[in-house]
Structures are given as C-alpha cells and as structure tokens.
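*Asks:* Under my numbering, the first residue of the sequence shown is numbered 4, with each subsequent residue one higher. Cβ coordinates follow ideal geometry from the N, Cα and C atoms, glycine included.
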Amino acid sequence: MTGPANKKLAAYSRVITASCFSIQAIGIGMYISYGVFFNPLMDEFGWSRAAISGASSAAFFVSGLFGIIIGRLNDKFGPRILMSIAAIFFGLGFCLMSQVGTLWQLYLIFGLVFGIGLSSVDVITLSTIARWFAKKRGKMTGLVKVGTGAGQFTFTILASFLISGFAWKTAFIFMGSFAFIVLFVIAQFLRRDPKTADYLSVGTIGEQPISQDQGLSFAKALKTHELWLVGMVNLFVVFCLMSILIHIVPHARDIGISPHKAAGILSTIGAVSMLGRFISGTVIDRTGSKRVMTICFGFLLISLVWLTKADALWKLYLFACIYGIAHGGFFTAISPIMVELFGIRAHGSLFGIVVFFGTTGGALGPILTGFLFDMTHSYIAAFYLLLVISCIAFGLLLCLRVRPKIL
Numbered sequence: 004m005t006g007p008a009n010k011k012l013a014a015y016s017r018v019i020t021a022s023c024f025s026i027q028a029i030g031i032g033m034y035i036s037y038g039v040f041f042n043p044l045m046d047e048f049g050w051s052r053a054a055i056s057g058a059s060s061a062a063f064f065v066s067g068l069f070g071i072i073i074g075r076l077n078d079k080f081g082p083r084i085l086m087s088i089a090a091i092f093f094g095l096g097f098c099l100m101s102q103v104g105t106l107w108q109l110y111l112i113f114g115l116v117f118g119i120g121l122s123s124v125d126v127i128t129l130s131t132i133a134r135w136f137a138k139k140r141g142k143m144t145g146l147v148k149v150g151t152g153a154g155q156f157t158f159t160i161l162a163s164f165l166i167s168g169f170a171w172k173t174a175f176i177f178m179g180s181f182a183f184i185v186l187f188v189i190a191q192f193l194r195r196d197p198k199t200a201d202y203l204s205v206g207t208i209g210e211q212p213i214s215q216d217q218g219l220s221f222a223k224a225l226k227t228h229e230l231w232l233v234g235m236v237n238l239f240v241v242f243c244l245m246s247i248l249i250h251i252v253p254h255a256r257d258i259g260i261s262p263h264k265a266a267g268i269l270s271t272i273g274a275v276s277m278l279g280r281f282i283s284g285t286v287i288d289r290t291g292s293k294r295v296m297t298i299c300f301g302f303l304l305i306s307l308v309w310l311t312k313a314d315a316l317w318k319l320y321l322f323a324c325i326y327g328i329a330h331g332g333f334f335t336a337i338s339p340i341m342v343e344l345f346g347i348r349a350h351g352s353l354f355g356i357v358v359f360f361g362t363t364g365g366a367l368g369p370i371l372t373g374f375l376f377d378m379t380h381s382y383i384a385a386f387y388l389l390l391v392i393s394c395i396a397f398g399l400l401l402c403l404r405v406r407p408k409i410l
C-alpha cells in the first residue's frame, strides 16, 4: 500500500502504539504501587505481610485466569470493547479499596475486581501490537512495555505522595478515578488490526504485509511441547520478578530506610526497566527472543546474588539498576517469542495461556516470600529461594529450540 492510504495507516499505527503504551503504564503502574500501601495497611489493621501480599497474588492469578478468556475474546471481537469494560474494573478495584476493613474484603476487591481489570493489560496490548507490526515487532513491543516501567516509576511515587500528603484511602480513590477515566477514553482508539480500522483495508507497516492467518491454529499449538516449555519458563521467571516487586519496599523499610527512599528503589527498578525493555525489543528484531532472554538471566542471577548481601541504601539502588534491566527484558521477550514459535494466527489465545503460567508463578511467589519472612523474620531465605528458582528457569530456557511453526 502506497500514497495517502499508507500515510494514514502509519499515522494510526502511532495512535495504537501510544494507546497501548498508556494502558501498560496505568494498569501495571497501579498494580505495582500496591507495594507502597503495605505499611499503611499493616499499621491500620495489623495484618501480616503474607496476608497483604496474598491479595496481590490473588489479583495476579485472577488476571492470568481471565487472561485466557480475554485472549480468546480479543482474537474474535477486538480490543476496544474489552478494554472499555476493563477500565470499569480498574476504577472500581482501587476506589473500593478505600472501604476495606476485613481480609475477605481485601481479597474480593483487590484480588478479584482489580484482578479482572488487570487481565486485560498484557493480552490486549501486546496481541494488538503483534497484529499491527511485522517488520519491527520486537522494537514496538519493547516500546510499549516501556510504558510498564514508566507507570511503575510514576505511580509508586504518586502513591507515596498521596499517602503522605492525604491518606491511604484518599490515594486509592484518586488513583482509581483517574484510571477509569483515562483508560475508558484510550480504549476508544484501539483497533484489532489494520483491516478493522475504519479507513484502512491493508495490513502493511513498513512495506511488510501482515497475514492474520499466518501460524499454527490454537488446537495445533496446544499439542506442541514448546508452548508448555515457554509457559514453565514464564512461571518460574515471574515467580521471582513479582516477589521482588512486592517485597523490595518492605525489605528496605526493615533495614531502616525511610518510606520515600524505599519507594525510590521500586521507582528506580521501573526507570531502569524502561531502558531494558526498549533495548531488548530492538535486539530481539536482530537476534531473536531466546538470546535476549539468556542475557536477561545473566543480569537476574547477578542481581539476586548481590541482593542477598545488600544491607545499605546504595547497595539496594545498585541492585535495582542491575535487576531492572532483566525485569524489563523478560516481560518484553515473551510476546515476540510466541510469534517466533507459533505465528500470529492465534496469538491472543496462546499468549493468554503463557501469561496464565506467569501469573500463577507471580501469585505464588509473593505469598511464599511473605510466608518465609513471617517464619524467619528475614528475607534472606526467600532471596536464596529466588536464586535457585531462577537457575531452574534458565535451564528450561536452554532446552527450548526456537524454530518457527507457521504451517
């Protein structure tokens, strides 16, 4: 496609990218900011860390479970209506958190209501990007995932500011209202692929055609061992990543670091992960996703070894810088590696399954980490466990042979 039509297509592809970036920033940023609410909730209700982190794990698990459904619906109906509905759950999830008074309410509101909203973020945005871009799919995926880091950096600081300046209940209401309004508006700009955009009929980005039928069917992909191997790698990786994100602020507080400086560690991870996401996305287009994930494992293992000895503020900030690269790279590589293996024919559905593996690990990780802390009154045992699990995940990745399956 050439001429004015191609210019319109290129212009709308930028709208799609900006929309997906913003959804990532708001959705994941709000979820990660939950770690900043740990201490206010403990002070208010006397709940244990395991109990509070359990709600985060529940939300993550629910997001993966519903992500499978969202993936199938996204392949069939497109992202606009699904994201509009998700915006309602995001808003309700945070606004209703201001009214919690018991653990069952915490799990119902944050674990279920917010978790349903969270299920839309990765599946909708990354599947949409995969369908809109072929020539620079890795780079554009990385660019969209930069939104996660931007949101993590912004919303942790925002939550800390609102809690200190007003109260934790006010913080939840403000952030929930903001999320609903902005996400609902953004959803109206989403289109499943170039052919479904109102004035576009040919899916060409950078003069490379996008065939929406390229790749394995959902049924055939389910029979491949590669799908389940990628799923297990994602399970173990996200087990580690989410444990760090949820517990790094409480760990910093335990060794005497002030609330704002502790939140700054989480924000640093978000800021550095933005660099990791963009670089990894660009490198994926040149070398493939498996090589990028291998490099990320190197950064992850080094950072975890360092974390077991990090007992000062500067050491935790150095950890955040090393770990942030790995964190950003892992979350960027999962969607492209699915395209490399299975094509985009059933990308939403297959990606939803792999995301569910990840959310299962992400749900278990923070709970077990909190449990080990409650048992030992220290995070050291948990950090060593994360190191072992990371080694297992790395071994599974090395067993994966990435060869396109597009028959």
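Tell me where the alpha helix (DSSP H) around V391 begins and ends.
*Replies:* It spans I383 to L401 - the alpha helix (DSSP H) in which V391 sits, taken as one unbroken run.
*Asks:* Take the Cβ of C402 as the centre, count every other Cβ of all protein chains shown within 10 Å, and call the residue buried at 16 or more, exposed below.
*Replies:* C402 comes out exposed.
*Asks:* With distance defined between alpha-carbon atoms, name the residue in F302, T363, G373 and F40 nearest to L165.
*Replies:* Of F302, T363, G373 and F40, the residue nearest in Cα terms is F40.
*Asks:* Would you mind stating whether F359 and L68 have Cβ atoms separated by less than 9 Å?
*Replies:* Taking 9 Å as the Cβ cut-off, F359 and L68 qualify as a contacting pair.
*Asks:* Are G120 and G273 closer than 9 Å when you measure CB to CB?
*Replies:* For G120 and G273, no; Cβs fall outside 9 Å.
*Asks:* From this set, L319, V342, G346 and F300, which residue's C-alpha is nearest L389's C-alpha?
*Replies:* Out of L319, V342, G346 and F300, F300 has the C-alpha closest to the C-alpha of L389.
*Asks:* Going along the chain, which unbroken runs of the alpha helix (DSSP H) with 4 or more residues stay wholly within the segment 174 to 202?
*Replies:* Counting only runs of 4 or more, we get nothing.
*Asks:* Alpha helix (DSSP H) containing R413: first to last residue?
*Replies:* No information on residue 413 is available, as it lies outside the stretch 4 to 410 that the chain covers here.
*Asks:* By DSSP, does D314 sit in helix, in strand, or in coil?
*Replies:* It is coil, neither helix nor strand.
*Asks:* Confirm, please, whether the CB-CB distance from T131 to R195 is below 9 Å.
*Replies:* It is a contact, given that the beta carbons lie within the stated cut-off.
*Asks:* Where do the N-terminal and C-terminal ends of the alpha helix (DSSP H) with K79 fall, by residue?
*Replies:* From DSSP, the alpha helix (DSSP H) with K79 extends over R52 to F80.
*Asks:* Name the two residues that bound the continuous alpha helix (DSSP H) containing L238.
*Replies:* H228 to D257 is the extent of the alpha helix (DSSP H) around L238.
*Asks:* If we count Cβ pairs, one from each stretch, closer than 8 Å, do we get three or more for the segment 341 to 355 versus the segment 36 to 54?
*Replies:* Cβ pair count under 8 Å is below three, so no.
*Asks:* Closest to L269 by CA distance: which of A153, W231, D314 and A336 is it?
*Replies:* Nearest C-alpha to L269: A153.
*Asks:* Using a Cβ-Cβ cutoff of less than 8 Å, which residues in the same chain neighbour V18 once the five nearest sequence positions on both sides are dropped?
*Replies:* Cβ neighbours of V18 beyond the five flanking positions: F192.
*Asks:* Please return the same chain residues whose Cβ sits closer than 7 Å to the Cβ of V103, not counting the five positions on each side in sequence.
*Replies:* Cβ neighbours of V103 beyond the five flanking positions: L109 and I112.
*Asks:* Hey, could you find the ends of the alpha helix (DSSP H) L115 is sitting in?
*Replies:* Run containing L115: none; DSSP gives neither H nor E here.
*Asks:* Under three-state DSSP, which class holds Q27?
*Replies:* Of the three classes helix, strand and coil, the one that applies to Q27 here is helix, per DSSP.
*Asks:* Pick out whichever of L399, V252 and S352 has its Cα sitting closest to the Cα of L316.
*Replies:* Nearest C-alpha to L316: V252.
*Asks:* On the criterion of 16 or more Cβ atoms from any shown chain inside 10 Å, does G398 qualify as buried, or is it exposed?
*Replies:* When all chains shown are included, G398 counts as exposed.
*Asks:* Which residues bound the alpha helix (DSSP H) around A133?
*Replies:* Taken as a continuous stretch (DSSP letters only), the alpha helix (DSSP H) holding A133 covers S123 to W135.
*Asks:* Less than 8 Å between the CB atoms is what I'm expecting for W50 and L106, so what's the real figure, rounded?
*Replies:* Right, the Cβ-Cβ distance comes to about 7 Å (below 8 Å), so this counts as a contact.
*Asks:* Roughly how many whole angstroms lie between the Cα atoms of A182 and G141?
*Replies:* Rounded to the nearest angstrom, the two C-alpha atoms are 27 Å apart.
*Asks:* Give me, in chain order, the residues of the same chain whose beta-carbon lies closer than 7 Å to that of S180; leave out the 5 immediate sequence neighbours on both sides.
*Replies:* Excluding positions up to five away in sequence, the list reads G94 and C98.
*Asks:* Considering Q102, what are the terminal residues of the alpha helix (DSSP H) in which it resides?
*Replies:* That residue, Q102, is in no alpha helix (DSSP H); it is neither H nor E in DSSP.
*Asks:* Pop quiz: A255 and L319 are said to be a contact at Cβ under 8 Å. What is the actual Cβ separation, rounded to whole angstroms?
*Replies:* About 6 Å; that satisfies the 8 Å criterion.
*Asks:* In three-state DSSP terms, what is F169?
*Replies:* Note: F169 maps to coil in three-state DSSP.
*Asks:* Rounded C-beta distance between M45 and I35? I'm assuming under 8 Å.
*Replies:* Contact flag wrong, Cβ pair sits at about 18 Å.
*Asks:* For the segment 354 to 370 against the segment 227 to 244, do three or more pairs of beta-carbon atoms, one drawn from each stretch, fall closer than 8 Å, so that the two count as touching?
*Replies:* Touching, yes.
*Asks:* Please report the straight-line C-alpha distance between L400 and L85, rounded to a whole angstrom.
*Replies:* Distance between the alpha carbons of L400 and L85: 33 Å.
*Asks:* Helix, strand or coil for V405? Go by DSSP, reduced to three states.
*Replies:* If DSSP states are grouped into helix, strand and coil, V405 belongs with coil.
*Asks:* So, are the CB atoms of F158 and S101 less than 9 Å apart?
*Replies:* No.
*Asks:* In chain order, what residues of the same chain lie with their CB nearer than 7 Å to the CB of A58, ignoring the 5 residues before and after it?
*Replies:* Result list for A58: L109, Y110, F113 and G114, in chain order.
*Asks:* For I73 and F333, what's the separation of their Cα atoms in angstroms?
*Replies:* So the alpha carbons of these two residues sit roughly 22 Å apart.
*Asks:* Do you know offhand how far M378's Cα is from I325's?
*Replies:* About 29 Å.
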